[in-house]
Amino acid sequence: MKVIAFNASPRKQGNTRIVIEHTLKQLNDMGFETGIIHLFDYTIQPCQGCNECREGEHCPINDDLMNLYEIMKRADGIIMASPVYFGSATPPLKALIDRTGYIARNNGYVFKGKAGAPIAVTARDGGNFTIAQIAFWYYYNGLIMPGSTSWNVVYGEEIGDVLQDTRGLEAMTEFGINLGNLLTKLADK
Ligand SMILES: Cc1cc2nc3c(=O)[nH]c(=O)nc-3n(C[C@H](O)[C@H](O)[C@H](O)COP(=O)(O)O)c2cc1C
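With positions in the sequence shown counted from 1, the corresponding number in our numbering is that position plus 2.
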């Protein structure tokens with residue numbers, strides 16, 4: 003089984019990456035295949051609201067979105083992790099959410115039954131807003147979100163600061179294990 007994690011930070015080796023790697027390690031230890039996708043490596047334009055995805059499972063904008071959409075369809079677990087920028091996820095993740103979410107919903111809820119959850123990384127505030135923003139995508143698309151010991155928010159400003167947030171990383175350990183157990187149970191049913 004495969005779990006993919008989107009990193010929505012422009013700092014490829016930044017705090018969000020550290021937190022993702024910490025989370026995916028739990029899943030690797032449980033035997034899952036994992037992968038990280040750096041959204042800033044891709045061109046993902048904003049949704050144009052044309053509603054062409056109501057006519058079929060595609061988006062008419064000619065960029066990297068449909069490749070990412072296909073990767074998401076093949077994954078069993080999907081994690082979306084973003085640094086907090088003014089209380090919000092960064093623009094490429096918002097574009098990914100809008101476009102993949104609308105295509106999937108308009109074509110039979112393609113992601114229904116997959117599992118995963120958002121992660122927010124912040125210096126100080128806005129983490130809960132960002133989690134809530136991304137979680138809407140999971141709720142609206144029928145995914146199943148496991149809990150943890152807290153909301154999936156980890157604190158740090160300069161690169162590496164998140165390593166000092168022991169409670170945040172503990173929550174990510176728990177989240178990774180819960181996601182692995184959930185995926186295993188879903189596969190058994
Ligand atoms: C444009 C910008 C906006 C930010 N907005 C917030 C914010 O609203 N609240 C906050 O606490 N930190 C904010 N930060 C700090 C980042 O969330 C923080 O440094 C985070 O660790 C960056 O993660 P990264 O290393 O993965 O990029 C902002 C940083 C930038 C560059």
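Where a beta carbon is used, it is the ideal one built from N, C-alpha and C, also for glycine.
Closest in C-alpha terms to C55, from the list G103, L188, E172, R169, comes G103. Between L188 and A119 the beta-carbon gap is near 14 angstroms, outside 8 angstroms, which marks them as no contact.
Beta bridge pairing from DSSP links P120 with M82.
At least 7 angstroms separates the beta-carbon of I63 from that of A7.
Q28 sits buried, since 16 or more C-beta atoms from the chains shown fall within 10 Å of its C-beta. Scanning the segment 30-67 for uninterrupted beta strand (DSSP E) segments of 3 residues or longer gives 35-40, listed from N- to C-terminal end.
If you look at N183, you'll find it in the alpha helix (DSSP H) that goes 168-190.
Close to ligand 1, as judged by a C-beta nearer than 6 angstroms to any of its heavy atoms, are the residues S11, R13, G16, N17, T18, P85, V86, Y87, F88, G89, V123, T124, A125, R126, D127, G128, G158, E159, I161, in chain order.
Cα atoms of D100 and P48: separation of roughly 8 angstroms, rounded to the nearest angstrom. The beta carbon of I22 sits closer than 8 angstroms to those of A7, N9, I38, I81, A83, I121, all from its chain and outside the five residues before and after it, given in chain order.
One thing to note: L70 has its Cβ no nearer than 7 angstroms to the Cβ of C61. Per DSSP, the beta-bridge partners of Y157 are T124. Taking C-alpha positions only, A77 is separated from M3 by approximately 8 angstroms.
Three or more beta-carbon pairs separated by less than 8 angstroms link the segment 150-157 to the segment 128-140, which places the two stretches in contact.
Shown here for A106: same chain residues with a beta carbon closer than 7 angstroms to its own, the five before and five after excluded, namely V112, F113, N143 in chain order. Between H40 and the set K75, D31, W139, P93, the nearest pair of CA atoms involves P93.
Burial state of N183 is exposed, judged by a 10 Å Cβ sphere holding fewer than 16 other Cβ atoms.
Look at K114 here: in three-state DSSP terms it is coil, with no helix or strand label. The three-state secondary structure of A7, taken from DSSP, is strand.
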